[in-house]
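2 protein chains.
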Amino acid sequence: MLFRSKDIAALESRYRAALINSLSGFKPANLIGTADRQGQTNLAIISSVVHLGSQPPLLALIIRPSPVERHTLDNILDTGCYTINHVSDQFIEAAHQTAARYPREQSEFAATGLGELWVEDFAAPFVREASIRMGLKLREHQQLEINDTHFLIGEIALAEVPDDCLGDDGSVDICTAGTVALSGLDSYYNTRRLRRMAYAKPDLPPTPVD
Amino acid sequence: MLFRSKDIAALESRYRAALINSLSGFKPANLIGTADRQGQTNLAIISSVVHLGSQPPLLALIIRPSPVERHTLDNILDTGCYTINHVSDQFIEAAHQTAARYPREQSEFAATGLGELWVEDFAAPFVREASIRMGLKLREHQQLEINDTHFLIGEIALAEVPDDCLGDDGSVDICTAGTVALSGLDSYYNTRRLRRMAYAKPDLPPTPVD
């Protein structure tokens, strides 16, 4: 099926959202943990975390101008810190449920049964059940004029990965860690490694490592 | 293993790149097709495509300030258009090979054997072997001060998906389409759907659809 601009514009809005959300490819499934200055916690599933650079270690994310994600945004802007926790196959249902529009005074941790994990001197809660989790400090925030979404850049201040998933070269086997992938608005996948490729060079053919 | 800021800063640079690139979770694997005004084509694998909104249909991507990706960036800025093509399990090796530092006058299409597909009135080449492909018009470009990476926002002008992967609700079954996921710098995965979840509501428990 071929969709042109005018076809896309004419689609029913939920159909369009399902279609366009599928087109970027597989997406990371992360839970963003935050708290306000009174310690009221919030947890939100976000599929827009993207690597920005490794020196300094920066991740960006997109937050839509919607009521649900607004609590997360307010807390990040207020405290300057947040956590990113990989969703694993052990808690897909609870992770997805954080997308519901809970009132501000109700924590998604309590509502979904996921556990808060606090680390000294870090003002945002981690997810106890997550095997890979990071603490970030906000470095930059802009609201994009084009559609009012928020673009946030954070620096990784803390990162925890399971010892048995950390390779000698620094790569993390996130598949073994149980991390899932997302597609579209609501579909969760586990993965199987097909190929790891050697560093590509113009004068060498593509070479699988394992 | 726990890494703090000072640990990360002290890592050997390739180890740090492998680690930090693994932390965002699974990433989409896309080939970006471009051409310069003389018709010289370029193809580059990019793992940073992210959904920005569906009305208008916008995808963003990050391009590093490196020599390889610079050809892609120059072409996009020059012509205002580019294609995004899902990497599928049928051509992982060729897709990965586009990351090699070919000279500007050598097209990655020719170098890797992937086929150029041209569509009338669109000044960038699509990948013939891709089952899901899009044509985008550049809407916004900024170079981020924090680390000199380029942030590009494009609007989907054309999108093609296989009929048998398009659901009645607009969602695309990218797993059946053969789309792969990436982790870190070099690991390619296929996927298996674990769960599709119903729209989350505060007063309902999480409900799998299938």
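Heads up: the sequence lines are chains A and B, in that order. Heads up, the first sequence is in the working numbering, so the first residue is 2 and it goes up one at a time. Heads up, the second sequence is in the working numbering, so the first residue is 2 and it goes up one at a time. By construction, the Cβ of each residue, glycine as well, lies at the ideal position given by its N, Cα and C atoms. The model shown is predicted, which means the values in this text are computed figures rather than measured ones.
For serine 188 of chain B, write down the residues that DSSP places opposite it in a beta bridge. If you number the second sequence from 1, residue 188 of chain B lands on position 187. The partner list for serine 188 of chain B (beta bridge, DSSP) reads A:Arg197, B:Ser184.
Which residue comes first and which comes last in the beta strand (DSSP E) that contains glutamine 143 of chain A? What you label residue 143 of chain A is simply residue 142 of the first sequence in a count that begins at 1. From DSSP, the beta strand (DSSP E) with glutamine 143 of chain A extends over 134-144.
Closest residue to alanine 199 of chain A among B:Ala100, B:Asp122, B:Thr177, B:Tyr190 (Cα-Cα distance): Reading the first sequence from its first residue, position 198 is the one you call residue 199 of chain A. By alpha-carbon distance to alanine 199 of chain A, the top candidate from B:Ala100, B:Asp122, B:Thr177, B:Tyr190 is B:Ala100.
Check whether chain B comes within 9 Å of tyrosine 190 of chain A, counting only Cβ atoms and requiring the distance to be less than that. The count along the first sequence starts at 1 and reaches residue 190 of chain A at position 189. At least one CB atom of chain B sits nearer than 9 Å to the CB of tyrosine 190 of chain A.
Where the alpha helix (DSSP H) through arginine 15 of chain B begins and ends: Residue 15 of chain B sits at position 14 when you count from the first residue of the second sequence. From DSSP, the alpha helix (DSSP H) with arginine 15 of chain B extends over 14-23.
Could you tell me whether the region 178-186 of chain A touches the region 44-53 of chain B, using the rule of 3 or more Cβ pairs below 8 Å? No contact exists between the region 178-186 of chain A and the region 44-53 of chain B.
Would you tell me roughly how many angstroms separate the C-alpha atoms of asparagine 148 of chain A and lysine 138 of chain B, rounded to the nearest one? Mapped onto the first sequence, residue 148 of chain A falls at position 147. Mapped onto the second sequence, residue 138 of chain B falls at position 137. About 16 Å.
Between arginine 9 of chain B and chain A, is there a C-beta pair that is closer than 9 Å? Walking along the second sequence from the start, residue 9 of chain B turns up at place 8. The identity of residue 9 of chain B in the sequence shown is isoleucine, whereas the question assumes arginine. Chain A contact via Cβ: present.
Chain A partners of glutamate 141 of chain B, CB-CB under 7 Å? Taking the first residue of the second sequence as position 1, residue 141 of chain B is located at position 140. Taking the beta carbon of glutamate 141 of chain B as reference, the chain A residues within 7 Å of it are Ile147, listed in sequence order.
Candidates A:Asp75, A:Leu24, A:Pro29, of which the one nearest glutamine 144 of chain A by Cα: For the purposes of this step, residue 144 of chain A is taken as residue 143 along the first sequence, with counting starting at 1. Minimum Cα distance to glutamine 144 of chain A is reached at A:Asp75.
Does any residue of chain A bring its CB to less than 9 Å from the CB of threonine 84 of chain B? Here residue 84 of chain B refers to the residue found at position 83 when the second sequence is read from its first residue. So, not an interface residue.
From this set, A:Ser23, A:Leu205, A:Thr208, which residue's C-alpha is nearest isoleucine 85 of chain B's C-alpha? Here the question's residue 85 of chain B lines up with position 84 in the second sequence. Sorting A:Ser23, A:Leu205, A:Thr208 by C-alpha distance to the C-alpha of isoleucine 85 of chain B places A:Ser23 at the top.
Could you give the first and the last residue of the continuous beta strand (DSSP E) run that contains threonine 35 of chain B? In the second sequence, counting from the first residue as 1, residue 35 of chain B sits at position 34. Counting along the chain, the beta strand (DSSP E) containing threonine 35 of chain B begins and ends at 31-36.
Among residues of its own chain, excluding the 5 on either side of tyrosine 190 of chain B, which ones have a beta-carbon nearer than 8 Å to its beta-carbon? Against the second sequence, residue 190 of chain B aligns to sequence position 189. Cβ neighbours of tyrosine 190 of chain B beyond the five flanking positions: Phe27, Val181, Ala182, Leu183, Ser184.
With a threshold of 9 Å between beta-carbons, can phenylalanine 110 of chain A be considered close to chain B, or not? Start at 1 with the first residue of the first sequence, and residue 110 of chain A comes out as number 109. Closer than 9 Å: no.
In chain B, what lies closer than 9 Å to valine 162 of chain A by C-beta? The residue labelled residue 162 of chain A in the question sits at position 161 within the first sequence. The answer, in chain order, is Met2, Leu3, Phe4, Leu20, Ser23, Leu24.
Chain B within 9 Å of glutamine 98 of chain A, Cβ atoms only: Against the first sequence, residue 98 of chain A aligns to sequence position 97. Answer yes: the Cβ-Cβ gap between glutamine 98 of chain A and chain B drops below 9 Å somewhere.
Output the distance between the C-alpha atoms of alanine 111 of chain A and histidine 151 of chain A, rounded to the nearest integer angstrom. Reading the first sequence from its first residue, position 110 is the one you call residue 111 of chain A. Reading the first sequence from its first residue, position 150 is the one you call residue 151 of chain A. Rounded to whole angstroms, alanine 111 of chain A to histidine 151 of chain A spans 27 Å at the Cα level.
Beta bridge counterpart(s) of arginine 5 of chain A as assigned by DSSP: Taking the first sequence and counting its residues from 1, one reaches residue 5 of chain A at position 4. Answer by DSSP bridge pairing, in chain order: B:Leu159.
Within 9 Å of any Cβ in chain A, is that where the Cβ of histidine 87 of chain B sits? Here residue 87 of chain B refers to the residue found at position 86 of the second sequence. When Cβ-Cβ separations below 9 Å define contact, histidine 87 of chain B makes contact with chain A.
How would you label glutamine 98 of chain B, buried or exposed, when you count the other beta carbons within 10 angstroms and need 16 or more for buried? In the second sequence, the residue the question calls residue 98 of chain B occupies position 97. Classification of glutamine 98 of chain B: buried, given that the 10 Å Cβ count is 16 or more.
For serine 172 of chain B and proline 126 of chain B, the rounded distance between their alpha carbons: Sequence index remark: in the second sequence, residue 126 of chain B carries index 125 (1-based). Sequence index remark: in the second sequence, residue 172 of chain B carries index 171 (1-based). Taking the CA atoms as reference points, proline 126 of chain B sits about 25 Å from serine 172 of chain B.
Inter-residue Cα distance where the pair is valine 120 of chain A and leucine 159 of chain A: Start at 1 with the first residue of the first sequence, and residue 120 of chain A comes out as number 119. Start at 1 with the first residue of the first sequence, and residue 159 of chain A comes out as number 158. Taking the straight line from one Cα to the other gives about 10 Å.
Considering only the beta carbon of each residue, do arginine 140 of chain A and glycine 155 of chain A sit closer than 9 Å? Indexing the first sequence from 1 puts residue 140 of chain A at position 139. Indexing the first sequence from 1 puts residue 155 of chain A at position 154. A Cβ-Cβ contact shorter than 9 Å links arginine 140 of chain A with glycine 155 of chain A.
Let me know the secondary structure DSSP gives glutamate 117 of chain A once reduced to three states. Taking the first sequence and counting its residues from 1, one reaches residue 117 of chain A at position 116. Three-state result, glutamate 117 of chain A: strand.
Just how far apart, CA to CA, sit threonine 73 of chain B and threonine 35 of chain B? One-based indexing of the second sequence puts residue 73 of chain B at position 72. One-based indexing of the second sequence puts residue 35 of chain B at position 34. Taking the straight line from one Cα to the other gives about 6 Å.
If you follow the alpha helix (DSSP H) that isoleucine 93 of chain B is part of, which residue opens it and which one closes it? Taking the first residue of the second sequence as 1, we reach residue 93 of chain B at position 92. 93-98 is the extent of the alpha helix (DSSP H) around isoleucine 93 of chain B.
Please look up how many angstroms separate the CB atoms of threonine 80 of chain B and alanine 124 of chain B, rounded, as I've assumed it's under 8 Å. Mapped onto the second sequence, residue 80 of chain B falls at position 79. Mapped onto the second sequence, residue 124 of chain B falls at position 123. Taking 8 Å as the upper bound for CB-CB distance, threonine 80 of chain B and alanine 124 of chain B are in contact here, some 5 Å apart.
Amino acids of chain A, ordered along the chain, whose beta-carbon sits closer than 7 Å to that of arginine 17 of chain B: On the second sequence, residue 17 of chain B is found 16 positions in, with the first residue counted as 1. One finds Ser55, Gln56, Gly171 in chain A with Cβ atoms closer than 7 Å to the Cβ of arginine 17 of chain B, taken in chain order.
In its own chain, which residues sit with a C-beta less than 8 Å from the C-beta of alanine 178 of chain B, not counting the 5 before and 5 after it? In the second sequence, counting from the first residue as 1, residue 178 of chain B sits at position 177. Answer for alanine 178 of chain B: His87, Ser89, Ser132, Ile133, Val162, Pro163, Cys166, listed in chain order.
Euclidean distance between Cα positions of alanine 1 of chain B and threonine 113 of chain B: Residue 1 of chain B falls outside the range modelled here, since chain B spans only 2 to 211, and no answer is possible.
So aspartate 187 of chain A contacts chain B; which residues on that side make the cut at Cβ distance below 7 Å? For the purposes of this step, residue 187 of chain A is taken as the residue at position 186 of the first sequence. Ordered by position in chain B, the residues that pass the 7 Å Cβ test against aspartate 187 of chain A are Arg197, Met198.
is_contact[leucine 78 of chain B, chain A] using C-beta, thresh 9 Å: In the second sequence, counting from the first residue as 1, residue 78 of chain B sits at position 77. So no, leucine 78 of chain B is outside the interface.
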